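In what follows, a single structure is set out as structure tokens and then discussed.
2 protein chains.
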Amino acid sequence: MSRPTYDDVLRVSSPTEEASAERRPVRIEEVARLAGVSPITVSRALRNPKMVSEARRERIRQAVEATGYFSNPHAKALRSGQSDIVAAFVSNILSEQFSLAVEGLAEVLEPAGFQVVLSRTSYSYKRETTLVRSLTATRPAAVFITGVMELEANRSFLRGLGVPIVESWAFARDPIDMLVGFSNTDGARMVAEHFAERGYRKVAFIGRSGGRGALRRKSFAMHCERLGLQVQREITRDTVSGVPEGREAMRSLLEENHDVQAIFCASDLLAIGGLLEARERGLRIPDQLAIAGFGDSTLAEEISPGLTTIVADSRNIGTQAGELMLKRLRGETPERTQKHVPIELVYRGST
Amino acid sequence: MSRPTYDDVLRVSSPTEEASAERRPVRIEEVARLAGVSPITVSRALRNPKMVSEARRERIRQAVEATGYFSNPHAKALRSGQSDIVAAFVSNILSEQFSLAVEGLAEVLEPAGFQVVLSRTSYSYKRETTLVRSLTATRPAAVFITGVMELEANRSFLRGLGVPIVESWAFARDPIDMLVGFSNTDGARMVAEHFAERGYRKVAFIGRSGGRGALRRKSFAMHCERLGLQVQREITRDTVSGVPEGREAMRSLLEENHDVQAIFCASDLLAIGGLLEARERGLRIPDQLAIAGFGDSTLAEEISPGLTTIVADSRNIGTQAGELMLKRLRGETPERTQKHVPIELVYRGST
DNA sequence: TTGTAAGCGTTATCAG
DNA sequence: CTGATAACGCTTACAA
Chain A
1 MSRPTYDDVL RVSSPTEEAS AERRPVRIEE VARLAGVSPI TVSRALRNPK MVSEARRERI
61 RQAVEATGYF SNPHAKALRS GQSDIVAAFV SNILSEQFSL AVEGLAEVLE PAGFQVVLSR
121 TSYSYKRETT LVRSLTATRP AAVFITGVME LEANRSFLRG LGVPIVESWA FARDPIDMLV
181 GFSNTDGARM VAEHFAERGY RKVAFIGRSG GRGALRRKSF AMHCERLGLQ VQREITRDTV
241 SGVPEGREAM RSLLEENHDV QAIFCASDLL AIGGLLEARE RGLRIPDQLA IAGFGDSTLA
301 EEISPGLTTI VADSRNIGTQ AGELMLKRLR GETPERTQKH VPIELVYRGS T
Chain B
1 MSRPTYDDVL RVSSPTEEAS AERRPVRIEE VARLAGVSPI TVSRALRNPK MVSEARRERI
61 RQAVEATGYF SNPHAKALRS GQSDIVAAFV SNILSEQFSL AVEGLAEVLE PAGFQVVLSR
121 TSYSYKRETT LVRSLTATRP AAVFITGVME LEANRSFLRG LGVPIVESWA FARDPIDMLV
181 GFSNTDGARM VAEHFAERGY RKVAFIGRSG GRGALRRKSF AMHCERLGLQ VQREITRDTV
241 SGVPEGREAM RSLLEENHDV QAIFCASDLL AIGGLLEARE RGLRIPDQLA IAGFGDSTLA
301 EEISPGLTTI VADSRNIGTQ AGELMLKRLR GETPERTQKH VPIELVYRGS T
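Chain order of the listed sequences is A and B. 297 is the number that the working numbering gives to position 297 of the first sequence; each next residue is one higher, with no gaps. 279 is the number that the working numbering gives to position 279 of the second sequence; each next residue is one higher, with no gaps.
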């Protein structure tokens with residue numbers, strides 16, 4: 001490969017900007033001096049304006065502006081035992097749905113002065129445990145979890161933190177604290193019912209063996225039985241559920257030569273992988289094989305045929321979680337601490 | 001909608017776990033007492049084991065284990081003036097490419113004890129400036145930017161921080177500090193050359209008006225001129241480049257009734273939006289209209305026809321950035337502080 | 001190699 | 001409503 005060409009990146013200069021001077025941070029004391037008050041008054045004016053007289057409040061505001069003061073989050077957290085950090089446990093930051101939830105969460109929390117910090121658990125209990133334990137020192141203001149924490153030890157640990165905690169992505173009984181979730185059980189039921197309506201009788205399941213995968217598998221199997229559908233095969237994997245895993249699972253399934261008309265894949269990416277694999281092997285979809293997913297990936301709509309799947313509003317999960325947290329952080333008591341998020345089956349060409 | 005069904009979420013209990021006792025954090029002093037040494041020795045053993053004798057090191061290790069000690073990051077940052085935080089400026093956390101880079105970055109930095117914290121700039125100079133200024137107080141160990149910082153004020157501010165900084169996603173001259181990027185200019189040239197080879201003469205451009213969009217537009221226009229292609233129309237938007245924006249831009253373009261054979265969209269999502277819109281309007285792709293993108297979205301491969309696009313290894317950008325940072329944080333001097341990432345044109349059905 | 005003393009910048013506490 | 005004082009838990013600087 002030849003020498004790369006340089007990009008002429010745009011540079012925007014603000015003419016008012018002084019030269020790159022010293023970066024010594026401004027401390028609260030400097031602001032106080034400028035405003036002619038004591039440091040603690042500045043602190044109060046910033047955190048709880050009502051505690052400070054109108055006149056001083058204004059002088060302090062100007063001094064903050066003039067100095068470009070930002071309070072030191074470490075000092076604040078150290079002394080007060082509470083940081084502005086909201087810890088978000090995400091099993092997989094590449095997941096579109098989880099990213100949307102984090103986006104929604106951040107949109108609500110950032111204007112209130114909190115910072116969302118991601119903890120990538122990578123579907124590992126061990127990592128999760130380490131990360132949970134480190135929270136005692138980090139002292140987050142609240143904790144969000146894309147999912148439900150399964151390890152009892154971690155659950156009780158989090159509860160002991162004494163901060164608002166929101167679990168999500170399932171409609172579980174007795175959450176650690178608060179919950180914003182949908183019923184995986186109902187979602188899987190809807191798929192089973194949809195298969196029955198479409199006249200498919202011999203079905204199969206592909207999904208992760210733990211967590212939501214297990215919930216969806218169990219409910220699917222139960223409702224298939226109820227509706228007289230025969231589950232010919234269940235393929236479960238404990239790896240991340242991506243397109244490659246979906247392809248691989250579909251490959252095994254097809255090579256086993258089962259007599260299957262429709263497959264429920266417990267995540268959209270699995271389903272899309274499966275769909276691609278099946279298509280490449282010359283199967284007509286949905287005539288020779290129907291496929292349904294779970295999760296509302298954007299891909300589900302763009303692929304052809306479009307993927308029939310269960311859809312929930314991921315961003316909204318984050319938004320609601322943020323709102324619950326804020327209420328609690330303000331000392332209010334939300335009337336409901338378990339929010340139910342509606343889901344629906346979107347019928348597209350793959351079934 | 002009827003009452004949701006509860007999910008029976010799996011709960012895993014570790015039998016060895018004691019009851020949910022007090023959550024009072026363990027301090028370094030407690031570890032020191034248990035190991036029979038002074039706190040500062042524990043501190044040293046944890047940060048720089050070589051400074052402490054073998055025997056004590058082992059006793060301290062055991063004491064840390066026994067107590068479940070985690071050092072308080074706020075106290076550490078406050079006193080040392082340096083935190084374990086690596087700040088990652090991401091314009092859009094929903095971008096698959098940026099998420100991959102962050103994933104790569106985190107994979108390298110976390111084992112070394114650093115924590116990657118995302119700052120969502122949302123393509124806003126104002127937000128970016130606020131976030132940059134807040135770094136003086138946060139005292140990050142290093143800064144990663146998915147892109148090149150354009151505001152001179154912010155550039156000099158970051159430089160003044162005195163920590164390793166890695167810009168990316170462009171092969172720019174004089175970065176703030178270090179750089180891991182590819183040439184957008186070359187990428188756009190490759191598209192122009194590809195259009196020429198395929199015999200398209202009348203072309204158009206769709207992209208964001210600033211940042212990388214501008215780089216790609218400029219280079220594309222230049223090379224079109226060189227190759228004798230006529231750029232009939234350039235549609236630029238200053239919004240986020242998603243599928244809806246692509247649809248909308250394609251709609252305007254088609255309604256203007258230009259005589260266009262091929263369109264270069266400066267991002268894959270724009271291209272995919274454009275492709276969907278064109279297809280829905282009955283245009284045969286690529287016969288009646290060819291479309292190329294930039295960026296290697298997974299969608300590009302799955303959609304039909306597949307999208308011809310410029311591909312770089314996003315995760316690798318993050319990995320390399322992490323490695324550069326670690327070297328500097330260890331006091332080493334990397335021989336090259338500007339890494340070039342190769343790109344290639346992947347030819348699929350859309351052109 | 002180890003320890004002592006001091007202080008990072010903020011806020012809880014208590015007094016006015 | 002405002003201020004003085006001390007303390008959060010750690011690490012730097014210096015001493016032994």
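Built from N, CA and C at the ideal position, the CB exists for glycine as well. Just so we're clear, the structure is a prediction, and the values are computed from it rather than from any experiment.
Are residue i and residue j closer than 9 Å when you measure CB to CB?
i: A88 (chain A); j: I145 (chain A); result: yes
i: V355 (chain B); j: T41 (chain B); result: Here chain B comprises residues numbered 1 to 351, so residue 355 (chain B) is not present and cannot be evaluated.
i: L100 (chain A); j: S350 (chain A); result: no
i: A292 (chain B); j: F157 (chain B); result: no
i: L105 (chain A); j: A278 (chain A); result: no
i: R348 (chain B); j: T309 (chain B); result: yes
i: N92 (chain A); j: R120 (chain A); result: yes
Rounded C-beta distance between residue i and residue j? I'm assuming under 8 Å.
i: L161 (chain A); j: V12 (chain B); result: Wrong, their Cβ atoms sit about 19 Å apart, outside the cutoff.
i: S241 (chain B); j: L269 (chain B); result: 6 Å
i: Q97 (chain B); j: D296 (chain B); result: 7 Å
i: R27 (chain A); j: A77 (chain A); result: Not a contact, Cβ separation roughly 16 Å.
i: S14 (chain B); j: A153 (chain A); result: 5 Å
i: S304 (chain A); j: S80 (chain B); result: In fact, because the Cβ distance is near 56 Å, the residues do not count as touching under 8 Å.
Could you spell out the range, first to last residue, of the alpha helix (DSSP H) harbouring residue i?
i: Q320 (chain B); result: 314 to 329
i: A106 (chain A); result: 96 to 109
i: A153 (chain A); result: 152 to 161
i: M51 (chain A); result: No alpha helix (DSSP H) contains M51 (chain A), which DSSP labels as neither H nor E.
i: E234 (chain B); result: No alpha helix (DSSP H) holds E234 (chain B); the beta strand (DSSP E) holding it covers 230 to 237.
i: T309 (chain A); result: Here T309 (chain A) belongs to no alpha helix (DSSP H); instead the beta strand (DSSP E) covers 309 to 311.
i: I28 (chain B); result: 28 to 35
i: T185 (chain A); result: 184 to 197
i: F337 (chain A); result: The sequence shown places Thr at residue 337 (chain A), not Phe. It is not in any alpha helix (DSSP H) - T337 (chain A) carries neither H nor E in the DSSP assignment.
Leaving out five residues on either side along the sequence, give the residues of the same chain with a beta carbon under 8 Å from the beta carbon of residue i.
i: E332 (chain A); result: none
i: A204 (chain A); result: V231, Q232, R233, E234, I235, L253, H258, V260, A262, I263, F264
Closer than 7 Å by C-beta to residue i: which residues in its own chain qualify, once you throw out the five before and the five after it? Chain order, please.
i: V37 (chain B); result: R56, I60
i: D238 (chain A); result: R208, S209, G210
i: L46 (chain A); result: S71
i: R155 (chain B); result: M149, I176
i: V64 (chain B); result: V31
Reducing DSSP to helix, strand and coil, say where residue i ends up.
i: L283 (chain A); result: coil
i: S168 (chain A); result: strand
i: H258 (chain A); result: coil
i: S83 (chain A); result: coil
i: I272 (chain A); result: helix
i: T332 (chain B); result: First, the residue type needs correcting, since residue 332 (chain B) is Glu and not Thr in the sequence shown. E332 (chain B): coil per DSSP, three-state reduction.
i: M178 (chain A); result: strand
i: F220 (chain A); result: helix
i: T212 (chain B); result: The question names Thr, but residue 212 (chain B) is Arg in the sequence shown. In this structure, R212 (chain B) counts as helix in the three-state DSSP scheme.
i: I60 (chain B); result: helix
i: R348 (chain A); result: coil
i: S20 (chain A); result: In this prediction, S20 (chain A) has a pLDDT of 49, which is less than 50 and means its spatial position is unreliable; what the coordinates show is noted afterwards. Reduced to three states, the DSSP call for S20 (chain A) is coil.
i: I40 (chain B); result: helix
i: V9 (chain B); result: coil
i: V240 (chain B); result: coil
i: V90 (chain B); result: strand
Leaving out five residues before and five after residue i in sequence, what residues of the same chain have Cβ atoms less than 6 Å from its Cβ?
i: M325 (chain B); result: A142, P164
i: N184 (chain A); result: A170, R212, L215, R216
i: P334 (chain A); result: L324, K327
i: A271 (chain A); result: C265, I291, G293, L307
i: H223 (chain B); result: R189, A192
i: A312 (chain B); result: F182, V341, I343
i: L131 (chain A); result: S119
i: A35 (chain A); result: R59, I60, A63
i: P286 (chain A); result: S350, T351
Output the boundary residues of the beta strand (DSSP E) element that contains residue i.
i: G207 (chain A); result: 202 to 208
i: A142 (chain B); result: 142 to 145
i: R120 (chain B); result: 115 to 120
i: A266 (chain B); result: Looking at the DSSP string, A266 (chain B) is not in any beta strand (DSSP E), and its letter there is neither H nor E.
i: A292 (chain A); result: 290 to 292
With a threshold of 8 Å, establish whether the CB of residue i neighbours any heavy atom of the ligand PLP.
i: R281 (chain A); result: The ligand PLP is not among the ligands present in this structure, which contains no ligands whatsoever.
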